[in-house]
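Chains as they are written, first to last, in UniProt numbering: chain A, 1 to 610; chain B, 1 to 316.
Structure follows, in structure tokens:
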């Protein structure tokens, strides 16, 4: 970007911007403290920081908008030469959707479920009178094509629930761009997506921003993503700018300690041979929990078989004190597998063994002792913790139920659990809403540990957390495992998190095991083509990574097709760059042993998968 | 969606059947013998036995139930124990008043209160909203006879407009004179159902207004009117139609206090009379009619909320 641009090319400028929250007792708390930055035409400026850093609040100021309970308390937010902080909603209406457009984190929540997509995409320019409905429709069609959406002529006439999450995210980009805005505000637009979908969406955003000559504010906590899309980075912490500068300076030579911590929290995939190495002579009969030949699904169809099969022929052994990582895109059956292990969803075929004893598939038929040994930690701590109970009661209940402790002993055990998850013991008297997201997740974990389990099933426990907070939770899990010898089943769509932590990895695709084995073996060739796609889709904090990834044939396969468990052939056939027509689509792939405990389900020889 | 509706109709039929069993056997548990009520205290044993046989009371309860249900389904509600006339005739004299009052009330009260509630949701925290909340909460808390008394005090005694009770027959009157005829009961009932409708429609719309897609609409520069009418209302239809249906059912079945207060005979008063005179047959018949009213209205509400949900209307 040319550095000597004219002042009138500044699209947005925050000048000593202060935004404060009004608390219930009337006092004011500054959420954003005197922030300054500029966005010039053609530039992408990234606001980066963890939740609570004020990044979303700052980005919304470009639209003159404050979330309910917040207000502009000083400074200016200048959009195209005009300060928007003092304007009323009616005064701002022409600018919103015309000069500046907003893309939210969750497209699924941002689209009105009752209105067809096209009406929502074209609404802003038509309402503002800058385009007729026909012009807006033509513009929308052009954008659908540019964003590589399937069936662009007809996708607009669908309702939001009729398209996939990745498509909806791109449709939201179309909605923002339909009014030809000068400034785009993108609020974590890829955080909720699988890595493979994230590449597609990033690629689409980048090309569209370039073609339209727009400027953008990109809000995220992910430095690896920022490196792909931003020109300038503003690092925020607690409402203050900690560091700001061109992307290559911040990525390659971070100066502020906080930026360094952010960089350190990114866990690169381990290089070949550097993964966790478990002992070679591992004994299969030493498994804490073992599932064999599991088939499972939802609904009851004819002959007692489920209507929708979600899992087919799954074999996993979780050894004592070890971690098995389960990865795959959304919809591949990861959470279903955890539910089967927990007994929440009885498998229709196969066997689950705990300490060598067969577990009843149904939860109700298991003994209390068996229930105690297998515990579940949910993704959303917010919804898993009862908002009306104090932490003391949330943790005290399983302590009393499973261990029979009461009174002073129970209280002591609750405090011990809080110390175990590195929380102050005074937290026992708090309610969940008085805790931050990471703290709630720790309580959630302590609740599972209260039962003194042998196996803890962790379903996407770090996915809702920021990079640093998530990394801290992983460190905690590692420590707990060393101290208590508990086994973890760690479910995630984030390959790099799983790789940093798991001893063994199971790669699920459409309900089947694509590849399975020790972490370092799965992450080095030979690869299942799907594993290769996943590995190559993990963003690296390196400028130009995205361009390289787009070129590679793996990314070509990233165009997400339907992930469905097929009756015949390999489910990955349609997306696989190495598929062989007439074979892969007709015959189920055989399970190949390519090393000790390392299997790949593929028709190709290991040599072809290197 | 068709299968969902069929399933819902099935559930409705099962509900009605279950209620019919409860009503029939519930009235059987009550003390008293239908034959004796019919013949009076002085009847001889022989007369009683003959009457029992004629009324089918000598058969087993299950047989009696099957016969009763079959008769009900074919429109024969039996003969009143108290007055010896067919129940259908008794109902025919009364249902008009009930239907007139409930239809006239809902024509006015439902649209007006929904509009007031939605308007309150458009300006939450405004003076309008606060006053409306205060009034509707007060009205929810006030019993019907209290509201009715206030209205009578105001319109009849203070302003000297018309009578404190409903006088004469509504037959042959036009829409407006019909409103005049039933003015006070309609006003009382309107207040009663309006307060609930206002509060529920306000809450339903406000609930939707906190959704991310509404924030998105604000950030797209969509005017407030359009946000409410196009974006929010569509998603609030489900809960609103359910409250409307419950209130309409109340208008048919639960207005006994208002009927007695204003002295016009309706179905709700009839069932109370049936209980007082131990007229089991009347209570059974009316009980079933009330039950069917609820079942049908709730079914209609469910179909309406299914139809307002694009996920059900346009499956993937």
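Beta carbons are placed, not taken as given, at the ideal position from N, Cα and C, and that holds for glycine.
The structure presented is a predicted model; accordingly, all values stated were derived computationally and were not measured.
When the cut-off is 8 Å and only beta carbons count, does residue i lie next to chain B?
i, result
"residue 593 of chain A", "no"
"residue 298 of chain A", "no"
"residue 7 of chain A", "Note that residue 7 of chain A scores 44 on pLDDT, short of 50, meaning its location in the model is unreliable; the coordinates nonetheless yield the value given after this. Not one chain B Cβ lies under 8 Å of residue 7 of chain A."
"residue 555 of chain A", "Reliability of the predicted coordinates at residue 555 of chain A is poor, the pLDDT of 49 falling under 50, and the value obtained from them is presented with this limitation in mind. Residue 555 of chain A does not count as touching chain B."
"residue 65 of chain A", "yes"
"residue 156 of chain A", "no"
"residue 339 of chain A", "no"
"residue 115 of chain A", "yes"
"residue 541 of chain A", "no"
"residue 560 of chain A", "Per-residue confidence for residue 560 of chain A stands at a pLDDT of 48, beneath the threshold of 50, marking its modelled position as unreliable; no derived number is given."
"residue 102 of chain A", "yes"
"residue 124 of chain A", "yes"
"residue 72 of chain A", "no"
"residue 111 of chain A", "yes"
"residue 93 of chain A", "yes"
I'd like to confirm the pairing. Which residues does DSSP put opposite residue i in its beta bridges?
i, result
"residue 180 of chain A", "Beta-bridge pairing links residue 180 of chain A to no other residue."
"residue 18 of chain A", "A:74"
"residue 614 of chain A", "The displayed coordinates of chain A run from 1 to 610. Any statement about residue 614 of chain A would go beyond what the structure contains."
"residue 187 of chain A", "A:219"
"residue 327 of chain A", "A:492, A:507"
"residue 309 of chain A", "A:297"
"residue 30 of chain A", "A:20"
"residue 466 of chain A", "Answer is none; residue 466 of chain A lacks a bridge partner."
"residue 599 of chain A", "A:516, A:593"
"residue 38 of chain A", "A:13"
"residue 487 of chain A", "A:455"
With 16 other CB atoms within 10 Å as the buried threshold, where does residue i fall?
i, result
"residue 255 of chain A", "exposed"
"residue 607 of chain A", "exposed"
"residue 139 of chain A", "buried"
"residue 273 of chain A", "Because residue 273 of chain A sits at a pLDDT of 45, beneath the cut-off of 50, its placement in the model cannot be relied upon, and the following sentence gives the value as read from the coordinates. The residue is exposed, with fewer than 16 neighbouring Cβ atoms inside 10 Å."
"residue 459 of chain A", "buried"
"residue 247 of chain B", "buried"
"residue 246 of chain A", "exposed"
"residue 177 of chain B", "exposed"
"residue 71 of chain B", "exposed"
"residue 592 of chain A", "buried"
"residue 210 of chain B", "exposed"
"residue 220 of chain B", "buried"
"residue 226 of chain B", "exposed"
For chain A, find out if any of its Cβ atoms is closer than 8 Å to the Cβ of residue i; answer yes or no.
i, result
"residue 213 of chain B", "yes"
"residue 242 of chain B", "no"
"residue 222 of chain B", "yes"
"residue 216 of chain B", "yes"
"residue 139 of chain B", "no"
Where residue i and residue j are concerned, what is the direct C-alpha to C-alpha distance, given to the nearest angstrom?
i, j, result
"residue 25 of chain B", "residue 291 of chain B", "15 Å"
"residue 228 of chain A", "residue 86 of chain A", "35 Å"
"residue 123 of chain B", "residue 69 of chain A", "16 Å"
"residue 94 of chain A", "residue 128 of chain A", "6 Å"
"residue 535 of chain A", "residue 79 of chain A", "41 Å"
"residue 78 of chain B", "residue 287 of chain B", "14 Å"
"residue 305 of chain A", "residue 213 of chain A", "55 Å"
"residue 488 of chain A", "residue 241 of chain A", "38 Å"
"residue 398 of chain A", "residue 605 of chain A", "50 Å"
"residue 266 of chain A", "residue 223 of chain A", "8 Å"
"residue 163 of chain A", "residue 363 of chain A", "35 Å"
"residue 84 of chain A", "residue 73 of chain A", "13 Å"
"residue 456 of chain A", "residue 517 of chain A", "20 Å"
"residue 472 of chain A", "residue 318 of chain A", "24 Å"
"residue 310 of chain A", "residue 59 of chain B", "56 Å"
"residue 453 of chain A", "residue 493 of chain A", "24 Å"
"residue 65 of chain A", "residue 217 of chain B", "12 Å"
Kindly list, in the order they appear in chain C, the residues whose Cβ is closer than 9 Å to that of residue i.
i, result
"residue 310 of chain B", "As a matter of chain content, chain C is missing from the structure shown, whose protein chains are A and B."
3-residue-minimum beta strand (DSSP E) runs that sit fully inside the segment 50-112 of chain A, ordered along the chain | 70-79, 100-103
Taking only runs that begin and end inside the segment 15-60 of chain B, name each unbroken alpha helix (DSSP H) of 4 or more residues, in chain order.
-> 34-39, 45-55
3-residue-minimum beta strand (DSSP E) runs that sit fully inside the segment 281-306 of chain B, ordered along the chain | none
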